[in-house]
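In what follows, a structure is listed as structure tokens, so that the remarks can point back to it.
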Amino acid sequence: AQSVTQLDSHVSVSEGTPVLLRCNYSSSYSPSLFWYVQHPNKGLQLLLKYTSAATLVKGINGFEAEFKKSETSFHLTKPSAHMSDAAEYFCVVSDRASKIIFGSGTRLSIRP
Amino acid sequence: EAGVAQSPRYKIIEKRQSVAFWCNPISGHATLYWYQQILGQGPKLLIQFQNNGVVDDSQLPKDRFSAERLKGVDSTLKIQPAKLEDSAVYLCASSSDPFKAFFGQGTRLTVV
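Residue numbers (my numbering), protein chains in the order written: chain S, 305 to 416; chain X, 34 to 145.
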């Protein structure tokens with residue numbers, strides 16, 4: 305069985321400072337991992353994905369994530385937060401059966 | 034390309050009433066998912082179709098929820114009778130491979 309745990313329900317950072325959203329996964333197989341963002345009253349948007357190629361994955365809007373098998377982690381980072389980054393972020397795991405499982409989400413707030 | 038279409042966008046019903054949601058996936062996508070996203074939580078997979086067959090419905094409350102995907106294209110999700118705890122956003126997604134799922138805008142259901 306596979307699962308994903310987002311370690312923080314809410315993260316607050318100042319504009320211009322780094323962002324770190326933490327995610328740990330559990331999977332019986334080599335997983336595919338994703339980060340999605342959901343802005344208020346908007347649909348889910350794919351930020352980036354890991355599918356067993358390079359362990360450091362670059363996504364849209366300056367976000368990136370590193371797959372660390374030894375730590376079963378897939379943390380999302382951004383060097384400098386922008387006000388428009390305020391949203392809900394979901395870490396997602398998928399297996400060979402095309403099953404897509406979401407984490408509980410991390411709400412990112414940006415302080416001016 | 035056209036996205037995943039869902040209707041209605043919003044629905045308010047009284048408890049014990051019935052409601053149905055419709056999803057039209059991206060053309061050619063064999064896999065279709067229905068998720069339930071309760072406020073403050075991550076989306077929970079209700080049912081996954083591969084063409085018109087059910088792959089996974091382990092988290093679908095079958096005493097009140099039903100879903101079908103006739104002809105392997107569009108899909109309907111029904112709740113009968115609705116309970117207060119069914120208030121949520123119902124998301125539909127489709128994919129041609131597990132690494133690239135597309136989500137609709139969702140239907141926000143309020144049960145009063």
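Glycine included, C-beta positions come from ideal geometry on N, C-alpha and C.
(request) Anything in chain S within Cβ reach of Q138/X, meaning under 7 Å, just list it in chain order. (result) Within 7 Å of the CB of Q138/X, the CB atoms of chain S belong to G347, in sequence order along the chain.
(message) In the DSSP output, which residue or residues are listed as bridge partners for S413/S?
(response) Paired residues: S316/S.
(message) Which residues in chain X have a C-beta closer than 8 Å to the C-beta of S408/S? List them in chain order.
(response) Those within 8 Å of S408/S in chain X are Q74, G75.
(message) Suppose only complete runs of 3+ residues qualify. What are the beta strand (DSSP E) ranges in the stretch 360 to 415 of chain S, listed by chain order?
(response) Those beta strand (DSSP E) runs which fall completely within the stretch 360 to 415 of chain S and span 3+ residues are 360 to 362, 368 to 372, 377 to 382, 391 to 398, 404 to 406, 410 to 415.
(request) Mind checking the stretch 48 to 63 of chain X against chain S and listing, in chain order, the residues whose C-beta falls within less than 7 Å of any C-beta there? (result) Nothing from the stretch 48 to 63 of chain X brings a Cβ to less than 7 Å from some Cβ of chain S.
(message) Please state the DSSP three-state secondary structure of L117/X.
(response) Reduced to three states, the DSSP call for L117/X is helix.
(message) Using only the alpha-carbon positions, how far apart do D312/S and T410/S sit?
(response) Those two C-alpha atoms are separated by around 6 Å.
(request) Could you give the DSSP three-state label for L148/X: helix, strand or coil? (result) Chain X is shown from 34 up to 145; residue 148/X falls before or after that span and cannot be answered.
(request) Using a Cβ cut-off of 9 Å, pull out every chain S residue sitting near L78/X, in sequence order please. (result) Against chain S, the beta carbon of L78/X has neighbours under 9 Å at K403, I404, I405, F406, listed in chain order.
(request) Quickly, what does DSSP pair V341/S with across the bridge? List them, please. (result) Looking at the DSSP assignment, V341/S forms a beta bridge with Q349/S, Y393/S.
(request) Identify every residue that forms a DSSP beta bridge with A38/X. (result) Per DSSP, N57/X.
(request) Kindly indicate the opening and closing residues of the beta strand (DSSP E) around G86/X. (result) First-last of the beta strand (DSSP E) with G86/X: 86 to 89.
(message) Alpha carbons only, please: which of P344/S, N345/S, S384/S, R326/S is nearest the one belonging to F338/S?
(response) The shortest Cα separation from F338/S among P344/S, N345/S, S384/S, R326/S belongs to R326/S.
(request) Return the residue from the list S413/S, I405/S, H386/S that minimises the CA-CA distance to S330/S. (result) Scanning S413/S, I405/S, H386/S for the CA closest to the CA of S330/S turns up I405/S.
(request) Output the boundary residues of the beta strand (DSSP E) element that contains R141/X. (result) Note, R141/X: beta strand (DSSP E), 140 to 144.
(message) Given a cut-off of 8 Å on the beta-carbon distance, is the pair K44/X and T140/X in contact?
(response) Between K44/X and T140/X, the gap from beta carbon to beta carbon is short of 8 Å.
(request) Could you give the DSSP three-state label for T321/S: helix, strand or coil? (result) In the structure shown, T321/S adopts coil according to DSSP, grouped into three states.
(message) Just list the residues that DSSP pairs T109/X with in beta bridges.
(response) Per DSSP, W55/X, E101/X.
(request) Please list the residues of the stretch 88 to 103 of chain X that have a C-beta atom closer than 8 Å to any C-beta atom in chain S, keeping them in chain order. (result) Correct list: V88, D89.
(message) One question on the structure: do G137/X and Q70/X come within less than 8 Å of each other, judged by their Cβ atoms?
(response) Judged by their CB atoms, G137/X and Q70/X are not nearer to each other than the 8 Å cut-off.
(request) Select from N345/S, P344/S, K346/S, S336/S the residue whose C-alpha is nearest the C-alpha of L352/S. (result) Of the candidates N345/S, P344/S, K346/S, S336/S, the one whose C-alpha sits nearest the C-alpha of L352/S is S336/S.
(message) Determine whether the beta carbon atoms of L117/X and V144/X lie at a separation below 8 Å.
(response) Closer than 8 Å, so yes.
(request) Give the DSSP bridge partners of I80/X, in chain order. (result) According to DSSP, I80/X bridges with W67/X.
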